[in-house]
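Engineer:
In the numbering used here, the protein residues as written are -16 to 367.
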């Protein structure tokens, strides 16, 4: 007599994955992408999203469907990976330096429209020489400092006009426009503070454009962008495109500065409880600094900084935080007795990413889920 047929296995779920694993909630990603696409289009600007956050071709396809014009990258590895998948309108948004000239010109020679940027008076000369050797013309943005003071030329100084002139007078270079990033928006602690930085970012670019117009120099594109400013800016008059990246996933940091709600956070790390300490009221999980990154982000309202909030597999907030990290251990302090009973060794929980860009970069791929059901795996095109 033959054995009875085995019951068919159910669909794979996030609870069956090895730990730690990187999870992306498909429905939330789609919603976030569509919302930003609609917002920027409604204000009359183009969206050139920053793919450094997700580095995933599938997410970029969703952004294409939501109306993006081109993409922004932070590394040439990202540029090569996305170009290989048909994305041929790319802005490389780190100031270009001589060690990258050959790689940049090779990509342009191969047919990719790859724009670069600079804020240094000594770059246009050797950059033009490299372009001439490769037989290409390079699109070059001038990076403007709108108040972040990380990179960029101050548009109120003589160096600003001089840099634009040096680009424009070289036949192998083409002045592409002005580009800025209001990274200081991440110092905001409310929607109103984000909105103030957004106005500063926009107004700085409009003024810089007017400075060049007074000299008879047209600005093809004025490009701004960060997730907090794109979310809160009240209008985009005088701005042509917006570069924003984090919005596809959002994260705990965006929640705490008022950019999104907790329900908008799409990225979590699946982790397992590996230790319980009833005396200290502590759990230890197997997602440490390598999985989560050591970005403590922004303190909660009670002043506590941490490395991510814990939720159940179905997204129920547990009221717990990862309070310390070792390389492969996450410490969760302040655990009440009922949760110590509930979360035995082997229990699976999820940690909401504090800074999704950094957490995502720790993993080779995303496990994509709808509810607890796994629906896809997306490769993460990391590297330099």
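No residue lacks a Cβ here, since even glycine has one placed at the ideal position from N, Cα and C.
Owing to the predicted nature of the structure, the values given are computational and were not obtained by experimental measurement.
1. Please say whether residue 215 and residue 181 have beta carbons closer to each other than 7 Å?
2. Here's the rule I'm using: 16 or more other beta-carbon atoms within 10 Å means buried, otherwise exposed. How should residue 159 be labelled?
3. Do the CB positions of residue 223 and residue 205 come within less than 7 Å of each other?
4. How should residue 107 be labelled, buried or exposed, when 16 other C-beta atoms within 10 angstroms of its C-beta is the threshold for buried?
5. What are the boundary residues of the alpha helix (DSSP H) that residue 151 is part of?
6. So, under 8 Å CB-CB, residue 191 and residue 161 are touching, yes? Tell me the CB distance rounded to an integer number of Å.
7. How is residue 326 classed by DSSP in three states: helix, strand or coil?
8. Does residue 0 come out as helix, strand or coil in the three-state DSSP assignment?
9. CB residue 335 to CB residue 251, shorter than 7 Å?
10. Below 7 Å CB to CB, which residues in the same chain sit around residue 43 once its five sequence neighbours on both sides are set aside?
11. Counting only the same chain and skipping the five closest in sequence on each side, list residues whose C-beta sits under 6 Å from that of residue 186.
12. Sorted by chain position, which residues of the same chain lie with C-beta nearer than 7 Å to residue 112's C-beta, five sequence neighbours on each side aside?
13. What does the Cβ neighbour count give for residue 122, buried or exposed, with the cut at 16 atoms within 10 Å?
14. Could you tell me whether the Cβ atoms of residue 7 and residue 349 are closer together than 7 Å?
15. Would you call the CB atoms of residue 253 and residue 4 closer than 7 Å?
16. Assuming the contact rule is C-beta atoms closer than 8 Å, residue 312 and residue 262 should be a hit. Round their C-beta distance to whole Å, please.
17. Beta-carbon separation of residue 269 and residue 279 under 7 Å?
18. Report the option in 234, 37, 275 and 189 whose CA atom is closest to the CA atom of residue 211.
19. By how many angstroms is the C-alpha of residue 297 removed from the C-alpha of residue -5?
20. Straight-line CA distance for residue 231 to residue 249?
21. Name the residue from 208, 344 and 237 whose alpha carbon lies nearest to the alpha carbon of residue 74.
22. Once the 5 residues before and after residue 27 are set aside, which same chain residues still bring their CB inside 7 Å of it?
23. With a CB to CB cut of under 8 Å and the five nearest residues on each side skipped, what residues in its chain are close to residue 277?
24. Find the nearest neighbour of residue 163 within the set 127, 49, 226 and 355, judged by alpha-carbon distance.
25. Any idea which residues DSSP pairs residue 124 with across the strands?
26. Judging by CA-CA distance, which residue of 355, 364 and 326 is the nearest neighbour of residue 344?
27. Applying the criterion that 16 or more other CB atoms from any shown protein chain within 10 Å of the CB defines a buried residue, is residue 329 buried or exposed?
28. Can you look up residue 39 in the DSSP assignment and give me helix, strand or coil?
29. Measuring CA to CA, which of 84, 149, 99 and -3 is closest to residue 200?
30. Could you give the distance in angstroms between the alpha-carbon of residue 244 and the alpha-carbon of residue 172?
31. Let me know the beta strand (DSSP E) ranges lying completely inside the segment 170 to 224, each 3 residues or longer, listed in chain order.
32. Provide the residue span of the beta strand (DSSP E) that contains residue 78, from first to last.
33. From 300, 304 and 226, pick the residue whose C-alpha is nearest to that of residue 285; which is it?
34. To the nearest angstrom, report how far apart residue 317 and residue 302 are at their CA atoms.
35. DSSP on residue -11, reduced to helix/strand/coil?
36. Looking at the structure shown, is residue 245 part of a helix, part of a strand, or coil, going by DSSP?
Structural biologist: A quick look at the data gives this:
1. In the chain shown, residue 181 corresponds to position 198, counting from 1. In the chain shown, residue 215 corresponds to position 232, counting from 1. The answer is yes: Cβ separation under 7 Å.
2. Sequence index remark: in the chain shown, residue 159 carries index 176 (1-based). Per the 10 Å Cβ criterion, buried.
3. Here residue 223 is taken as the residue at index 240 of the chain shown, counted from 1. Here residue 205 is taken as the residue at index 222 of the chain shown, counted from 1. Yes. Within cutoff.
4. The count along the chain shown starts at 1 and reaches residue 107 at position 124. With 16 or more Cβ atoms within 10 Å of its Cβ, residue 107 is classed as buried.
5. As a working note, residue 151 is residue 168 in the chain shown. First-last of the alpha helix (DSSP H) with residue 151: 141 to 151.
6. As a first step, residue 191 must be located in the chain shown, where it is residue number 208. As a first step, residue 161 must be located in the chain shown, where it is residue number 178. Confirmed, about 6 Å.
7. Within the chain shown, numbered from 1, the residue matching residue 326 stands at position 343. Note: residue 326 maps to coil in three-state DSSP.
8. Within the chain shown, numbered from 1, the residue matching residue 0 stands at position 17. Here residue 0 sits in coil by DSSP.
9. Residue 335 sits at position 352 when you count from the first residue of the chain shown. Residue 251 sits at position 268 when you count from the first residue of the chain shown. In contact: residue 335 and residue 251 (Cβ atoms closer than 7 Å).
10. For the purposes of this step, residue 43 is taken as residue 60 along the chain shown, with counting starting at 1. For residue 43, where only same-chain residues beyond five positions count, the Cβ hits under 7 Å are 34, 54, 65 and 70.
11. Locating residue 186 in the chain shown gives position 203, counting from the first residue. Around residue 186: no qualifying Cβ.
12. Along the chain shown, read from residue 1 onward, the residue named residue 112 stands at position 129. Once the five neighbours on either side are set aside, residue 112 has no close Cβ partner at all.
13. As a working mapping, residue 122 is identified with position 139 in the chain shown. So residue 122 counts as buried.
14. Taking the first residue of the chain shown as position 1, residue 7 is located at position 24. Taking the first residue of the chain shown as position 1, residue 349 is located at position 366. Yes; because the gap between Cβ atoms is below 7 Å, this pair is in contact.
15. Mapped onto the chain shown, residue 253 falls at position 270. Mapped onto the chain shown, residue 4 falls at position 21. Yes, Cβ-Cβ distance for residue 253 and residue 4 is below 7 Å.
16. For the purposes of this step, residue 312 is taken as the residue at position 329 of the chain shown. For the purposes of this step, residue 262 is taken as the residue at position 279 of the chain shown. At roughly 18 Å, the Cβ-Cβ gap does not stay under 8 Å, so residue 312 and residue 262 are not in contact.
17. Mapped onto the chain shown, residue 269 falls at position 286. Mapped onto the chain shown, residue 279 falls at position 296. Taking 7 Å as the Cβ cut-off, residue 269 and residue 279 do not qualify as a contacting pair.
18. Looking up residue 211 in the chain shown gives position 228. Ranking 234, 37, 275 and 189 by Cα distance to residue 211 puts 234 first.
19. As a working note, residue -5 is residue 12 in the chain shown. As a working note, residue 297 is residue 314 in the chain shown. When rounded, the distance between both Cα atoms is 15 Å.
20. The count along the chain shown starts at 1 and reaches residue 231 at position 248. The count along the chain shown starts at 1 and reaches residue 249 at position 266. Rounded to the nearest angstrom, the two C-alpha atoms are 8 Å apart.
21. Taking the first residue of the chain shown as position 1, residue 74 is located at position 91. Measuring from the Cα of residue 74, the nearest candidate turns out to be 208.
22. For the purposes of this step, residue 27 is taken as the residue at position 44 of the chain shown. So the qualifying residues of the chain are 219.
23. Within the chain shown, residue 277 is the residue found at index 294, counting from 1. 290 and 308.
24. Within the chain shown, residue 163 is the residue found at index 180, counting from 1. Checking every option, the nearest Cα to that of residue 163 belongs to 127.
25. Your numbering for residue 124 matches position 141 in the chain shown. Per DSSP, 100 and 160.
26. For this step, residue 344 is matched to residue 361 along the chain shown. Nearest C-alpha to residue 344: 364.
27. Translated into positions along the chain shown, residue 329 becomes position 346. Its Cβ having fewer than 16 others within 10 Å, residue 329 is exposed.
28. Looking up residue 39 in the chain shown gives position 56. Residue state, collapsed to three classes: coil.
29. By one-based count along the chain shown, residue 200 stands at place 217. If we check each option's Cα against that of residue 200, 149 comes out closest.
30. Here residue 244 refers to the residue found at position 261 of the chain shown. Here residue 172 refers to the residue found at position 189 of the chain shown. Distance between the alpha carbons of residue 244 and residue 172: 14 Å.
31. 205 to 207
32. Along the chain shown, read from residue 1 onward, the residue named residue 78 stands at position 95. No beta strand (DSSP E) holds residue 78; DSSP gives it neither H nor E.
33. Taking the first residue of the chain shown as position 1, residue 285 is located at position 302. Comparing Cα-Cα distances from residue 285 to each of 300, 304 and 226, the minimum goes to 304.
34. By 1-based counting over the chain shown, the position of residue 317 is 334. By 1-based counting over the chain shown, the position of residue 302 is 319. Residue 317 and residue 302: Cα-Cα distance of roughly 10 Å.
35. Taking the chain shown and counting its residues from 1, one reaches residue -11 at position 6. Only weak support exists for where residue -11 lies, its pLDDT of 47 falling under 50; the value from the coordinates is given anyway. The answer is coil: DSSP assigns residue -11 none of H, G, I, E or B.
36. For the purposes of this step, residue 245 is taken as residue 262 along the chain shown, with counting starting at 1. Three-state DSSP puts residue 245 in a helix.
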